[in-house]
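As structure tokens, the structure follows; a few thoughts come after it.
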Amino acid sequence: MARIIIIFLSAVLVTAALLFINYYVPFQVEWAVVYLGIILLSAGLLSLIIPLKILYIRSRKKALLPVVSGLAVIIIGMILPAPTIRSDRSHQRIDDFMPEYEFYEYHEVTINAPADKVFEAIKGVTFTDIPAAVWLVKIRALASGKPVKSYLNNSSSMKSLLSQPILKILSRPESGFLMLDDKTPYEYVGGMAGKPWSNSKPPIIAGPDEFRAFSTPGNIKVTFNLTVTDLKDGTSRLSSETRIACIDESAKKIFSRYWRIIYPGSAIIRRVWLNAIAEHAVSR
Numbered sequence: 213m214a215r216i217i218i219i220f221l222s223a224v225l226v227t228a229a230l231l232f233i234n235y236y237v238p239f240q241v242e243w244a245v246v247y248l249g250i251i252l253l254s255a256g257l258l259s260l261i262i263p264l265k266i267l268y269i270r271s272r273k274k275a276l277l278p279v280v281s282g283l284a285v286i287i288i289g290m291i292l293p294a295p296t297i298r299s300d301r302s303h304q305r306i307d308d309f310m311p312e313y314e315f316y317e318y319h320e321v322t323i324n325a326p327a328d329k330v331f332e333a334i335k336g337v338t339f340t341d342i343p344a345a346v347w348l349v350k351i352r353a354l355a356s357g358k359p360v361k362s363y364l365n366n367s368s369s370m371k372s373l374l375s376q377p378i379l380k381i382l383s384r385p386e387s388g389f390l391m392l393d394d395k396t397p398y399e400y401v402g403g404m405a406g407k408p409w410s411n412s413k414p415p416i417i418a419g420p421d422e423f424r425a426f427s428t429p430g431n432i433k434v435t436f437n438l439t440v441t442d443l444k445d446g447t448s449r450l451s452s453e454t455r456i457a458c459i460d461e462s463a464k465k466i467f468s469r470y471w472r473i474i475y476p477g478s479a480i481i482r483r484v485w486l487n488a489i490a491e492h493a494v495s496r
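Just so we're aligned: the sequence shown equals residues 213 to 496 in our numbering.
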């Protein structure tokens with residue numbers, strides 16, 4: 213009886229944990245496979261020092277199995293194909309900039325506020341409203357081997373920068389991003405191009421037409437949007453989609469490995485951003 217209770221409670225805890233993770237990091241097979249491999253590898257490496265008997269790894273010799281299995285699973289996750297995708301959702305402005313892509317993420321949240329107020333909040337939220345995102349951006353950059361300015365710098369210039377609306381910061385040329393469209397009612401579309409896995413500076417792209425035409429081999433193009441849908445009952449749906457298209461196969465191979473590692477961090481950044489917009493819209 214006690215064993216049944218333990219199994220039941222474990223199942224409940226695991227289910228709750230998976231639902232919590234899926235809220236911030238929507239499930240995608242490729243990253244899940246890679247991280248399963250990382251967990252197996254970590255358990256095996258730890259068991260080479262101290263066998264984890266709770267996982268039935270009772271000796272250092274048996275620890276070799278999860279080590280080898282973890283490495284194999286990681287490799288499988290990294291080489292899984294990335295087919296071309298075309299969105300099946302209703303037409304949005306983002307479709308005009310990138311109708312086909314290989315990688316994506318999508319998030320949405322329902323907000324108890326009218327669409328006008330939500331779209332106004334999109335343009336008003338700053339990094340100071342979502343300090344968790346600052347840390348995640350910094351960690352992601354460090355994981356990519358990039359030099360990172362201290363986002364926690366106490367200088368007045370840094371505080372001034374972080375207090376500016378996020379979309380305004382992303383419109384600065386040095387950010388690597390550019391605004392593609394904010395004229396469509398209730399949709400903002402941004403983009404960038406380059407090699408985010410490297411330290412190379414992103415190419416300078418002057419506007420939407422240059423973004424569409426950009427085709428330098430070895431690079432990727434990214435589009436993202438923030439869209440508000442009026443639900444007609446005083447509430448709104450705020451959604452955000454990020455799409456990545458690779459210029460050629462060499463870029464796809466490199467970016468596949470990069471994306472499957474950083475996707476959880478990227479997804480969490482997007483989710484906390486949407487939550488901050490929702491809070492901003494409701495409270496003001």
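Positions of the beta carbon are idealized from the N, C-alpha and C atoms, including for glycine.
How is N437 classed by DSSP in three states: helix, strand or coil? strand
Expressed to the nearest angstrom, what Euclidean distance is found between the alpha-carbon atoms of I306 and Y400? 9 Å
Going by DSSP in three states, D341 sits in which element: helix, strand or coil? helix
Measuring only the C-alpha atoms, how far is G403 from A244? 26 Å
Quick check on DSSP: helix, strand or coil for L257? helix
If you run the structure through DSSP and keep just helix, strand and coil, what is D393? strand
According to DSSP, is M404 helix, strand or coil? strand
Does the beta-carbon distance from A325 to D442 come in below 8 Å? no
Cβ-based neighbour list, D393, same chain, cut-off 6 Å, excluding 5 preceding and 5 following: R305 and V401
Below-8 Å beta-carbon distance, Y475 vs any chain C residue: No chain C appears in the structure shown, which is made up of a single protein chain.
Does the Cβ of P295 have 16 or more other Cβ atoms within 10 Å, making it buried, or fewer, making it exposed? exposed
Distance, Cα to Cα, S387 vs I416? 10 Å
Continuous beta strand (DSSP E) stretch holding F315: start and end: F315 to I323
Select from R301, L438 and Y475 the residue whose C-alpha is nearest the C-alpha of E332. L438
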